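Undergrad: In my numbering, each residue carries its 1-based index in the sequence shown increased by 55. C-beta: ideal position from N, C-alpha, C; glycine also. Here the structure is a predicted model, which means the values were calculated and not measured.
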Amino acid sequence: MNSKEFRRQAHALVDWMADYVESIEDRPVKASVAPGEIAGRLPASGPEAGESMDTILEDFREIILPGMTHWQHPMFMAYFPANSSYASVLAEMLTATLGAQCMSWETSPAAAELEGRVMRWLREWLGLPAEFEGVIQDTASTATLCALLSARERATGFAVNNRGFAGQGDRRFAIYCSTEAHSSIEKDVRIAGFGSAALRKIAVDGDFAMRADALAERIAADRAEGVTPLCVIAALGTTSSTAIDPIEAIGEICADQGIWLHVDAAYAGTALLLPECRWMLGSAEHVDSFVVNPHKWMATNFDCTAYFVRNVESLVRTFEIQPEYLKTRADEHVRNYRDWGIQLGRRFRALKLWFVMRSFGLEGLQTMLRRHIEYGRWLAETLDAHPAFERLAPAPLNCVCFRWLPPGTHDEATIEKANQALLAEIQDGGELYLTHTRLDGRYVLRIVPGQTRVERRHVESAWQLVLNAADTVSNR
Ligand SMILES: *Cc1c(COP(=O)(O)O)cnc(C)c1O
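#1: Name the one or two DSSP bridge partners that Thr283 has.
#2: Taking the alpha helix (DSSP H) that Ile240 belongs to, which residues open and close that run?
#3: When you compare each of Val84, Ala450, Glu241 to Gln127 by their alpha carbons, which one comes out closest?
#4: How about Arg458 and Glu445: do their beta carbons lie closer than 7 Å?
#5: Report the rounded CA-to-CA distance for Thr283 versus Ala229, giving the unit in angstroms.
#6: Given a cut-off of 7 Å on the beta-carbon distance, is the pair Gly122 and Ala86 in contact?
#7: Any heavy atom of ligand 1 closer than 6 Å to the beta-carbon of Ser344?
#8: Would you kindly report the start and end of the unbroken beta strand (DSSP E) that includes His128?
#9: Between Arg82 and Ile118, is the Cβ-Cβ spacing less than 7 Å?
#10: So His427 is in the alpha helix (DSSP H); what residue range does that whole segment cover?
#11: Drop a sphere of 10 angstroms on the beta-carbon of Val346, count the other beta-carbons inside from all chains shown, and report buried for 16 or more, exposed for fewer.
#12: With Val367 as the anchor, note down where its alpha helix (DSSP H) starts and where it stops.
#13: Report yes or no: do three or more beta-carbon pairs, one from the stretch 350 to 360 and one from the stretch 389 to 408, lie closer than 8 Å?
#14: Answer yes or no: the CB of His237 versus the heavy atoms of ligand 1, is any distance below 6 Å?
#15: Here's a check: name, in chain order, each residue in its chain whose Cβ is nearer than 8 Å to the Cβ of Met108, leaving out the five neighbours to either side.
#16: Assuming Ala517 contacts Met132 under a Cβ cut-off of 8 Å, what Cβ separation, rounded to an integer in Å, is found between them?
#17: Note down, one range per segment and in chain order, each alpha helix (DSSP H) of at least 4 residues found wholly within the stretch 167 to 219.
#18: Does the beta-carbon of Val69 have 16 or more other beta-carbons within 10 angstroms, so that it is buried, or is it exposed?
#19: In whole angstroms, what separates the C-alpha of Leu270 from that of Leu420?
#20: Less than 7 Å between the beta carbons of Leu399 and Met158, yes or no?
#21: Could you give the C-beta distance for Ala236 and Val244, rounded to a whole number, given that I count them as a contact under 8 Å?
#22: Within the stretch 70 to 158, note down every full alpha helix (DSSP H) run reaching 4 residues or more, in order along the chain.
#23: For chain D, is any of its Cβ atoms less than 7 Å away from the one on Ala252?
#24: Shorter than 6 Å, the distance from the beta carbon of Tyr362 to the closest heavy atom of ligand 1, or not?
#25: Looking only at C-alpha atoms, which of Arg390, Val455, Ala304, Leu438 sits nearest to Thr162?
#26: Just how far apart, CA to CA, sit Ala137 and Glu515?
#27: Could you pull out every unbroken beta strand (DSSP E) segment of at least 3 residues lying fully inside the stretch 470 to 530, listed in chain order?
#28: In chain order, what residues of the same chain lie with their CB nearer than 8 Å to the CB of Gln223, ignoring the 5 residues before and after it?
#29: In chain order, what residues of the same chain lie with their CB nearer than 7 Å to the CB of Cys332, ignoring the 5 residues before and after it?
#30: Check whether the Cβ atoms of Leu169 and Trp409 lie closer than 7 Å to each other.
#31: For Ser78, is the classification buried or exposed, using 16 other Cβ atoms within 10 angstroms of its Cβ as the cut-off for buried?
#32: Taking the straight line between their C-alpha atoms, what separation do you get for Gly463 and Thr469?
#33: Counting Cβ pairs closer than 8 Å, one from the stretch 293 to 307 and one from the stretch 336 to 350, do we hit at least three?
#34: Do the stretch 275 to 293 and the stretch 317 to 325 make contact, defined as three or more Cβ pairs closer than 8 Å?
#35: Could you give the first and the last residue of the continuous alpha helix (DSSP H) run that contains His350?
#36: For the candidate residues Gly505, Gln156, Ile93, whose alpha-carbon lies nearest to that of Ala354?
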């Protein structure tokens with residue numbers, strides 16, 4: 056392809072992109088293809104000769120799009136959102152065009168300096184402590200792994216990096232999170248070499264938040280058995296129900312015991328942009344590290360994870376390796392973000408965050424979040440007022456957990472079956488996408504109105520679709 060052809064295709068594509076966004080509601084929000092259906096429409100082997108862009112784009116529209124779930128659809132109320140925005144897309148186009156590696160300052164000086172600056176802006180906007188410094192990572196899973204590795208190295212004087220756990224003799228470590236914590240934590244505990252058995256899943260209270268007293272007890276029991284408590288991972292917004300662990304109380308315990316405190320605020324952390332939500336964190340005095348995903352609720356398309364640490368030295372000492380071919384003359388005076396995480400090669404992700412932060416401004420983002428939280432409140436009240444529905448967890452933000460209680464049904468197994476049927480009916484309808492979870496053993500539906508362009512009318516229509524689906528299932 057030459058530049059003339061690129062220009063022609065790119066102009067047409069931008070029009071297609073705008074049309075896609077404008078008409079997204081005409082598409083089913085969730086793909087309804089069978090496993091293997093899309094692969095079956097693709098050639099088994101790649102083409103010998105190059106093909107025209109017209110043909111490729113035609114196949115994109117005909118084969119790929121029908122197999123896509125539309126995460127930017129305002130009726131996407133499943134999982135948590137993975138939001139994009141026009142500003143973010145424009146930056147992503149530039150990032151791809153520059154195609155720069157942002158591993159060292161010297162390989163992309165502006166990218167390194169912009170990353171430092173937008174992380175500082177974000178730290179201020181979120182009300183995080185001024186000592187915190189941030190770095191952009193690919194996902195919260197990775198950021199939490201970085202926290203665990205840093206905690207491991209701090210606790211062992213950076214010895215595991217050199218000799219592995221073999222050098223630790225009989226020393227055993229424990230990591231703590233609640234029973235409601237995200238699955239990435241257990242995965243990270245495995246990858247970091249502790250093994251799942253080192254992870255203590257602490258009981259939660261009636262609101263699904265970690266019980267600080269149960270945490271303290273378990274830490275004491277571990278100490279009594281000669282186990283070293285290493286790290287507590289507190290959730291600021293669990294994935295099932297956005298439960299908020301008592302971070303201040305947990306922080307007191309960690310400070311007292313010399314335990315690393317990592318806060319997983321992957322989704323709900325964005326709400327700290329609102330002063331009225333700062334109670335969720337309280338004083339972050341004893342927090343060592345904090346992760347939030349602008350790629351969830353902050354209009355910045357995947358991937359963009361902000362990882363903040365109190366002490367950059369324990370991060371950099373954990374990850375720094377200096378092969379000859381990566382040394383530059385600037386090293387003493389600059390930040391080389393390759394030493395702030397796992398990846399060497401890094402995309403220029405700061406650009407899209409910068410575009411989003413400037414294009415929306417703090418006020419624009421706050422307005423969006425307040426709208427979404429208001430939708431959540433409306434849904435919670437509407438569910439509470441309806442005799443055939445039950446809400447199963449507090450909804451501090453816009454994630455509402457509920458179930459249907461078909462009139463006359465009382466036993467748990469029947470209720471669960473009815474809710475599974477209700478969810479299948481909703482998902483197959485293609486107009487609304489919800490997903491489920493389990494809370495306290497119960498099968499629960501979740502609704503999260505948080506897509507960048509979701510409006511009140513979508514939320515009202517979502518509720519109507521839930522009622523209609525319940526009618527359909529009842530009348531079977
Ligand atoms: C989404 C989520 C994660 C995982 O985020 P990734 O960026 O996909 O790794 C971790 N913790 C919580 C609480 C989440 O909601």
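TA: Let me lay it out:
#1: Thr283 has Phe228 as its beta-bridge partners, per DSSP.
#2: 238 to 246
#3: Val84
#4: yes
#5: 6 Å
#6: yes
#7: no
#8: That residue, His128, is in no beta strand (DSSP E); it is neither H nor E in DSSP.
#9: no
#10: Where His427 is concerned, the enclosing alpha helix (DSSP H) stretches over 405 to 440.
#11: buried
#12: 367 to 374
#13: yes
#14: yes
#15: Met56, Glu60, Gln64
#16: Confirmed, Cβ separation roughly 6 Å.
#17: Segments of the alpha helix (DSSP H) lying fully in the stretch 167 to 219: 195 to 210, 215 to 218.
#18: That one is exposed.
#19: 35 Å
#20: yes
#21: In fact, because the Cβ distance is near 10 Å, the residues do not count as touching under 8 Å.
#22: 108 to 114, 141 to 153
#23: Reference to chain D is not applicable here, since this structure consists of a single protein chain.
#24: no
#25: Per the Cα distances, Arg390.
#26: 22 Å
#27: 490 to 494, 497 to 502
#28: Thr211, Ala214, Val215
#29: These residues qualify, in order along the chain: Ala326.
#30: Result yes, Cβ atoms of Leu169 and Trp409 sit closer than 7 Å.
#31: exposed
#32: The alpha-carbon atoms of Gly463 and Thr469 are separated by roughly 10 Å.
#33: yes
#34: yes
#35: Taken as a continuous stretch (DSSP letters only), the alpha helix (DSSP H) holding His350 covers 349 to 352.
#36: Gly505
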